[in-house]
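Colleague: Just passing along the structure, written as structure tokens.
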Amino acid sequence: METLTHTAAFLLDWHVILAALIGVTWGIMGGALPGISPSITMALLLPFTYTLDPTSAIVLLASTYIGAEYGGSVPAILIRTPGTNAAAATVIDGYEMNRQGKAGLALGISLYSGVIGSLFGLAMLMTLSGPLAQVALAFTPMAYFALGILGLSVIATLSGENLVKGMIAAILGLIIATIGSDPVTGGTRFTFGSAELLGGIEPVMIMVGLFAMSELLVQASKRGQDERVTSRPRIQFPDWPLAKRLIPAQMIGNGIGTFEGVMPGAGGTIASFMAYNEARRWSRYPEEFGKGSPEGIAAPETANNTVAETALVPLLSFGIPGSNSTAILLGGFLIHGIVPGPMLFQKSGEVVYGLYAGLFTAAIGQLLIGMAMLPVCIWLVNRPRPYLNAFIFALILSGIYSIHNEAFDLGIMIAAGVLGFFMRMLRFPFLPTVLGLVLGYLVESNFRRSLVLSGDDWMIFVDDRISLGLLILSFLFIGGSIAKRVYDMLRHRPSATFSENAES
Amino acid sequence: MLTRDFVGGVASIAIGTVYLYFAYQLRISALDDSMGPGGLPRVYGWLLVGLGAVLTIQAIVSRRMAMASDATGGRDEWDGQGRKILHAAGLLAIGTGYVLVIETLGYLLSVAVLLLVTTLYLGAGNKGRALAVAVLGAVFLWVMFVIVLGVRMPSGVLASLGL
Chain A
1 METLTHTAAF
11 LLDWHVILAA
21 LIGVTWGIMG
31 GALPGISPSI
41 TMALLLPFTY
51 TLDPTSAIVL
61 LASTYIGAEY
71 GGSVPAILIR
81 TPGTNAAAAT
91 VIDGYEMNRQ
101 GKAGLALGIS
111 LYSGVIGSLF
121 GLAMLMTLSG
131 PLAQVALAFT
141 PMAYFALGIL
151 GLSVIATLSG
161 ENLVKGMIAA
171 ILGLIIATIG
181 SDPVTGGTRF
191 TFGSAELLGG
201 IEPVMIMVGL
211 FAMSELLVQA
221 SKRGQDERVT
231 SRPRIQFPDW
241 PLAKRLIPAQ
251 MIGNGIGTFE
261 GVMPGAGGTI
271 ASFMAYNEAR
281 RWSRYPEEFG
291 KGSPEGIAAP
301 ETANNTVAET
311 ALVPLLSFGI
321 PGSNSTAILL
331 GGFLIHGIVP
341 GPMLFQKSGE
351 VVYGLYAGLF
361 TAAIGQLLIG
371 MAMLPVCIWL
381 VNRPRPYLNA
391 FIFALILSGI
401 YSIHNEAFDL
411 GIMIAAGVLG
421 FFMRMLRFPF
431 LPTVLGLVLG
441 YLVESNFRRS
451 LVLSGDDWMI
461 FVDDRISLGL
471 LILSFLFIGG
481 SIAKRVYDML
491 RHRPSATFSE
501 NAES
Chain B
1 MLTRDFVGGV
11 ASIAIGTVYL
21 YFAYQLRISA
31 LDDSMGPGGL
41 PRVYGWLLVG
51 LGAVLTIQAI
61 VSRRMAMASD
71 ATGGRDEWDG
81 QGRKILHAAG
91 LLAIGTGYVL
101 VIETLGYLLS
111 VAVLLLVTTL
121 YLGAGNKGRA
131 LAVAVLGAVF
141 LWVMFVIVLG
151 VRMPSGVLAS
161 LGL
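If you read the sequences in order, they're chains A and B.
Quick note on full-length UniProt numbering: the first sequence kicks off at 1 and runs consecutively.
Quick note on full-length UniProt numbering: the second sequence kicks off at 1 and runs consecutively.
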């Protein structure tokens, strides 16, 4: 109740409303562009958030995530090309409905289910985050260290086809985090006499480079005509009998989306496909799936929009980003000196309540903006790639330069882009690098502080009950993932491919 | 033999070795804790070298196993990659050029040149349209950053015009 009261106070804050609506609009446009994932869409906005107040900045980024999840379904339905990974399941029945001349209805179901998913996900986020964060109030440096390890253990499920590659990618992130001042003594490390590196490398440079710049470098080699949208559909919402028929599929999407969102590393793509499968299993019309079933759109779209909200639970409560998009959102928090996790609700409660209000505004606004933006999305999808990519390139370079007005930052971002390009080529996942980068300081500073406190007694990590619990949880997480890989290997089943969580 | 995993493994060993070299150069002070500023960096360096070695060995073993069962060779996975790297290097050169000229030419001019060169490089056929998009795009970005967001972008050669 207290949460609702605090949140309600922000519902009429025009900064929050504006940030939410701009975020959704930007997200829908970004999501509609094949190849531009939600995380890239968010990363492009990161430099702009420096000039905003913390609440507006976080609302802007989180609303972008929501908008992108719907935006991804537009090209999925119209040109059989999912704008985001999570919209891949929507292609199956969405494109079939388009072929049957029901593109407007397919888009309407996607939009309406997305709004239901967002609202349900927000309710779950508000219910779960606060109580979980309460547990974390008793955290000591040892517990914070263990929390960092728990965050890094997510790598086990995000490494795709090869756990070793995921671990290498994480260590690269940890290495980048060591550049700058030593967290305990304040001495300089790996700065090579550069004054610009004294404060370390800001995660935003690396994130924009890894996600957005590397994508442009990959697309630089793609020449040729993309598929174009030739029809001009208008969004049509389902009538009552159809809406009633969609309820079970949407409930399945809500349930699976909640579970997958709260689990770090799962993400919207898995949730969408699981929801699609379960909706088919429980449907009264399973034979329609794959042939233009409305439930085949409702279930995955509800699921991936639910994930867009519930994925914030581990981020807000423990400071653990479970996907690329939430890692970018974490970057947004860090830009404003706010550390998500145990103390967030105590120290920056207004940001959390503003975020809830912004997400509510974004979910409702999505309905109107989604309808209004459809012609814009179609126009964008039909733009020739060279112009679009050149503009994104200019936007990235301008945005990064505007942070400190230093060309040095551009160099760092471009270097991160090159790193990302080769990581893509060699099939290394990105998210472990981002996790290493954002958790590196937390892990090192608290590890060393704990040892100073205990007089170098390593048993302090076991004696502290919260630390012990989190370390056991990390061990189970890693052990479970390894056991699953071994099981899959013995059953000759392929593990997840490297890209499965790359852009969720 | 040069599979992606093999190259990734060797690159990890190389990066780890260079990082370790610098990690061991970090100065120790009397005020340091027992780990010191170099403690964890050394751990990371050794882990990177070790994991790089594991990945390299994995790559060699799986390549041998693949060769034993299939004699087609592993050239497929590198097909077209050289061309991709060259195309990416071109875009990288354009970006680097922008970094070098932004403070001299100023934001408005350099972003217009960036847009024009990038669109043409990425394959835009219509030069007139590319020029129009570059000019309009540059003005749009200038208005957005300088006027709307109030960011102090470099004026460069256009300083006398107040841009």
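Beta carbons are placed, not taken as given, at the ideal position from N, Cα and C, and that holds for glycine.
Evaluate contact between the segment 415-434 of chain A and the segment 160-176 of chain A, counting only Cβ atoms and requiring at least three cross-stretch pairs below 8 Å.
Modeller: The answer is yes - the segment 160-176 of chain A touches the segment 415-434 of chain A, with three or more Cβ pairs under 8 Å.
Colleague: Indicate whether at least one CB of chain A lies closer than 8 Å to the CB of Tyr98 of chain B.
Modeller: At least one chain A Cβ lies under 8 Å of Tyr98 of chain B.
Colleague: Whole-angstrom Cβ separation of Gly331 of chain A and Ala303 of chain A, contact assumed at under 8 Å?
Modeller: Incorrect: roughly 25 Å between the Cβ atoms, too far for contact.
Colleague: Which of the residues in the segment 178-205 of chain A, read from start to end, lie with their CB under 7 Å from any CB of chain B?
Modeller: So the close ones are Thr178, Asp182, Val184, Thr185, Gly187, Arg189 and Phe190.
Colleague: Measuring from the CB of Glu202 of chain A, is there a heavy atom of the ligand GTP at a distance below 7 Å?
Modeller: In terms of ligand content, the structure shown is empty, and the ligand GTP therefore cannot be addressed.
Colleague: Are the Cβ atoms of Ile79 of chain A and Ala103 of chain A separated by less than 8 Å?
Modeller: No, Cβ-Cβ distance for Ile79 of chain A and Ala103 of chain A is not below 8 Å.
Colleague: Between Arg42 of chain B and chain A, is the shortest Cβ-Cβ distance under 8 Å, so that the two count as touching?
Modeller: No, its Cβ sits nowhere closer than 8 Å to a Cβ of chain A.
Colleague: For Ser499 of chain A, which residues from the same chain have a beta carbon less than 6 Å from its beta carbon, with the 5 sequence-adjacent residues on both sides left out?
Modeller: Here Ser499 of chain A scores only 42 on pLDDT, less than 50, and its place in the model should not be relied on; the value that follows carries that caveat. Same-chain partners within the cutoff: there are none.
Colleague: Consider the Cβ of Asp76 of chain B: report whether some Cβ of chain A lies at a distance smaller than 8 Å.
Modeller: Chain A, which has no Cβ nearer than 8 Å to the Cβ of Asp76 of chain B, makes this no.
Colleague: Along chain A, in chain order, which residues have C-beta atoms closer than 7 Å to that of Lys84 of chain B?
Modeller: Near Lys84 of chain B (Cβ distances below 7 Å), the residues of chain A are Ser221.
Colleague: According to the Cβ coordinates, are Ser325 of chain A and Tyr70 of chain A closer than 8 Å?
Modeller: In this structure, Tyr70 of chain A does not lie closer than 8 Å to Ser325 of chain A by Cβ.
Colleague: With a threshold of 8 Å between beta-carbons, can Ala88 of chain B be considered close to chain A, or not?
Modeller: Interface residue, yes.
Colleague: Under three-state DSSP, which class holds Ser467 of chain A?
Modeller: If DSSP states are grouped into helix, strand and coil, Ser467 of chain A belongs with the helices.
Colleague: Could you tell me whether the Cβ of Gly128 of chain B comes closer than 8 Å to any Cβ of chain A?
Modeller: Chain A contact via Cβ: absent.
Colleague: 8 Å is my cut-off, CB to CB: does Ser499 of chain A come that close to chain B?
Modeller: Only weak support exists for where Ser499 of chain A lies, its pLDDT of 42 falling under 50; the value from the coordinates is given anyway. It does not; no Cβ of chain B falls within 8 Å.
Colleague: Looking at chain B, which residues of the segment 451-473 of chain A have a Cβ within less than 8 Å of any of its Cβ atoms?
Modeller: Listed in sequence order: Leu451, Val452 and Asp456.
Colleague: Out of B:Ala88, B:Gly123 and B:Val139, point me to the one whose CA is closest to Leu395 of chain A's CA.
Modeller: Of B:Ala88, B:Gly123 and B:Val139, the residue nearest in Cα terms is B:Val139.
Colleague: Would you say Ile102 of chain B lies against chain A (beta-carbon separation less than 8 Å)?
Modeller: True, the Cβ-Cβ gap to chain A drops below 8 Å.
Colleague: Expressed to the nearest angstrom, what Euclidean distance is found between the alpha-carbon atoms of Tyr487 of chain A and Thr90 of chain A?
Modeller: Each residue's Cα considered, the two are about 30 Å apart.
Colleague: Along the chain, where does the alpha helix (DSSP H) that runs through Asn324 of chain A open and close?
Modeller: Per DSSP, Asn324 of chain A belongs to the alpha helix (DSSP H) from Asn324 to Ile335.
Colleague: Does any C-beta atom of chain A lie closer than 8 Å to the C-beta of Ile13 of chain B?
Modeller: So no, Ile13 of chain B is outside the interface.
Colleague: Per DSSP, Ser181 of chain A is paired with what?
Modeller: In DSSP, Ser181 of chain A forms a bridge with A:Thr188.
Colleague: Tell me the residue span of the alpha helix (DSSP H) that contains Tyr401 of chain A.
Modeller: Per DSSP, Tyr401 of chain A belongs to the alpha helix (DSSP H) from Arg385 to His404.
Colleague: So that I know if they touch, is there some Cβ in chain A lying closer than 8 Å to that of Tyr19 of chain B?
Modeller: Closer than 8 Å to some Cβ of chain A, the Cβ of Tyr19 of chain B qualifies, so yes.
Colleague: What separation, rounded to the nearest whole angstrom, lies between the Cα atoms of Leu61 of chain A and Asp457 of chain A?
Modeller: Each residue's alpha carbon lies about 42 Å from the other.
Colleague: Tell me whether the beta-carbon of Gly268 of chain A lies closer than 8 Å to the beta-carbon of Leu147 of chain A.
Modeller: No, these two residues do not count as a Cβ contact at 8 Å.
Colleague: I'd like to know whether the C-beta atoms of Leu217 of chain A and Ala88 of chain B end up nearer to each other than 8 Å.
Modeller: Yes.
Colleague: So which residues of chain B does Ile400 of chain A contact, with C-beta pairs closer than 8 Å?
Modeller: None at all; the shortest Cβ gap to chain B is about 10 Å.
Colleague: Determine, using beta carbons only, whether Leu45 of chain A comes closer than 8 Å to chain B.
Modeller: Chain B, which has no Cβ nearer than 8 Å to the Cβ of Leu45 of chain A, makes this no.
Colleague: For Gly123 of chain B, I'd like the list of residues in its chain whose CB is within less than 8 Å of its CB, leaving aside the five on either flank, ordered along the chain.
Modeller: There are no such residues.
Colleague: Please report the distance separating the alpha-carbon of Leu242 of chain A from that of Ala106 of chain A.
Modeller: Between Leu242 of chain A and Ala106 of chain A, the C-alpha separation is close to 12 Å.
Colleague: Suppose contacts are defined by Cβ-Cβ distances below 8 Å. Is Ile403 of chain A in contact with Pro47 of chain A by that definition?
Modeller: In this structure, Pro47 of chain A lies closer than 8 Å to Ile403 of chain A by Cβ.
Colleague: Cβ closer than 7 Å: which chain A residues qualify as neighbours of Ser34 of chain B?
Modeller: Per Cβ cutoff of 7 Å: Leu451 and Asp456.
Colleague: Of all the residues that make up the segment 90-122 of chain A, which are near chain B by a beta-carbon distance shorter than 8 Å?
Modeller: The residues in question: there are none.
Colleague: Cβ closer than 8 Å: which chain B residues qualify as neighbours of Met167 of chain A?
Modeller: Within 8 Å Cβ-Cβ: Leu47 and Leu51.
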